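The opening residue of the sequence shown carries number 11 in the working numbering; numbering runs sequentially from there.
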Amino acid sequence: MDPFLLLLRVVHVAGGVFWAGAILFVVHFLEPAVRDAGPDGAKVMQALRKHHYLEVVPMVATLTLLSGFGLYWRDFGRAHPGPGASVAELTYALGGITALVAFFVGVSLLRPSALRIGALGAELAQAPAEKQATLQEEISRLRVRMRKSGRWVVRLLGITIITMAVGRYL
Ligand code: HEM
């Protein structure tokens with residue numbers, strides 16, 4: 011029994027469950043519920059920010075990625091598939107790539123949109139009437155971007171989850 015390997019697996023599996031679960035819940039349940047709630051919904055999103063959702067998720071995702079690539083290195087002795095790669099190796103590599111792309115979509119589109127919506131929401135509360143329509147328009151545009159990028163992150167992580175679930179049996 012190798013304690014480091016066990017630690018790596020615990021960090022990886024716990025991190026993966028947290029990352030995928032947190033994204034899935036927000037994209038498929040919380041965001042639509044907040045939208046249905048109208049102006050009051052914005053307060054829930056602000057509270058989510060206050061509880062550091064937008065910092066904790068990328069941090070845990072980073073740990074999942076690092077431990078995943080560490081496990082891949084230990085299992086296959088290289089950083090990416092090469093000559094003679096087994097089906098299992100190719101499957102884990104596919105899951106690794108989709109998780110990496112999901113991470114970049116998350117930090118480059120989803121997270122900045124959510125941050126900007128929060129900032130504009132706060133501005134809207136103080137804004138004069140003539141500026142409110144422009145701010146609302148910008149918020150709606152960002153919401154669409156957030157929803158679309160969120161759905162992509164869910165799809166990509168869905169592929170990762172399937173590959174991780176079946177990898178060792180292939
Ligand atoms: C959301 C992202 C991820 C989730 C939810 C996840 C989940 C899991 C789970 C549950 C296992 C255990 C499977 C088993 O014991 O049969 C696993 C194993 C593994 N994962 Fe991931 N993973 C993720 C990202 C990654 C990434 C980015 C890589 C990088 C290539 C990776 C590489 C591996 C490898 C190589 C194993 C096998 C470990 C071993 O042999 O003990 N994973 N993953």
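We put the CB at the ideal spot given by N, CA and C, even for glycine.
If you're wondering where the values come from, they're calculated on a predicted model, not measured in any experiment.
Per DSSP, M11 lies in no alpha helix (DSSP H) and is assigned neither H nor E. Here V67 is actually not in contact with A103; their C-beta atoms are around 24 Å apart, not less than 8 Å.
Given a length threshold of 4 residues, each whole run of the alpha helix (DSSP H) inside the region 115-173 is given here in chain order: 121-136. Counting along the chain, the unbroken alpha helix (DSSP H) around V44 starts and ends at 41-47. For Y82, the enclosing alpha helix (DSSP H) begins and ends at 63-86. Taking 8 Å as the cut-off, the beta carbon of G116 is found no closer than this to the beta carbon of T74.
The C-beta of H38 has fewer than 16 other C-beta atoms within 10 Å across all chains shown, which makes the residue exposed. DSSP places A95 in the coil class of the three-state scheme, outside both helix and strand. For W29, the shortest separation between its Cβ and any heavy atom of the ligand HEM lies below 7 Å.
Contact annotation: E99 and P93 have beta-carbon atoms that are not nearer than 8 Å.
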